[in-house]
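Engineer: I'd like to ask some things about the structure below.
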Amino acid sequence: MVDDVRRELAGYPRQRLGATRPARRILGVLRSERIVPAGDVWHLGAILVRCDGPAAEGLLATGEILRARAEVRRGFAAESQRARAARAAAARRGGFAEGETVHVDAVPIDAARLAAEGASGPVGVAADGSLTVRWRRTGAAVPLRPYLTERIDLLEHPAPGA
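Throughout the sequence shown, residue numbering follows numbering that gives the first Met the number 0, covering 0 to 161 in sequence.
Put into structure tokens, the structure is as follows:
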């Protein structure tokens, strides 16, 4: 199924996947945390589809999404804003272009966990054995393939004003 979805998405814009590299010392100098490129993905709501690699590792759960921004001094109304700005600056330091969308530390959908526990991230297994997806933890489960088809259709024909 992942290879079929990749073929359908081939002409659509991709977004970047990032991996966090913690702060560390190099020759006694502290190097700040960075978010470095880790591949390209297509964003389909609660699911990310890797553009390459084995099909078994092709689906990821959408995690933190941010835009890379240069670090600037500014006042913040909330500590969460400050933390988010620091993460955006880490992406910029890691090599992402200014304003580029980055999906950070996305979690792979684990086929073994699906088989053993019936769920991995937003993907689950229905009573009939088919795969389902939940947009959010408390949401209703919908069949995975129709969900992906709908999200691909939205890429092709975006809603007015989107």
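The beta carbon of each residue, even a glycine, is placed where N, CA and C say it ideally should be.
Please read all numbers here as calculations on a predicted model, not as lab measurements.
For A88, count the other beta carbons within 10 Å of its own beta carbon; 16 or more makes it buried, fewer makes it exposed. Which is it?
Structural biologist: buried
Engineer: So what does DSSP say about I108, is it helix, strand or coil?
Structural biologist: coil
Engineer: Could you check where the beta strand (DSSP E) with E63 kicks off and where it finishes?
Structural biologist: E63 to R66
Engineer: Output the distance between the C-alpha atoms of E32 and G74, rounded to the nearest integer angstrom.
Structural biologist: 21 Å
Engineer: Report buried or exposed for S79, applying the criterion of at least 16 other Cβ atoms within 10 angstroms of its Cβ.
Structural biologist: Exposed, by the Cβ-count rule.
Engineer: In its own chain, which residues sit with a C-beta less than 7 Å from the C-beta of M0, not counting the 5 before and 5 after it?
Structural biologist: R144
Engineer: How should V71 be labelled, buried or exposed, when 16 other C-beta atoms within 10 angstroms of its C-beta is the threshold for buried?
Structural biologist: exposed
Engineer: Cβ atoms of A69 and P120: under 8 Å apart, would you say?
Structural biologist: Residue 120 is actually Gly in this sequence, not Pro. Not in contact: G120 and A69 (Cβ atoms no closer than 8 Å).
Engineer: Start and end of the alpha helix (DSSP H) containing V1?
Structural biologist: Note, V1: alpha helix (DSSP H), V1 to L8.
Engineer: Below 8 Å on the Cβ atoms is my guess for P36 versus G98; work out the distance and round it to an integer in Å.
Structural biologist: Incorrect: roughly 15 Å between the Cβ atoms, too far for contact.
Engineer: Roughly how many angstroms separate the alpha carbons of A139 and R112, rounded to a whole number?
Structural biologist: 20 Å
Engineer: Please classify H156 as buried or exposed, where buried requires at least 16 other C-beta atoms within 10 Å of its C-beta.
Structural biologist: exposed
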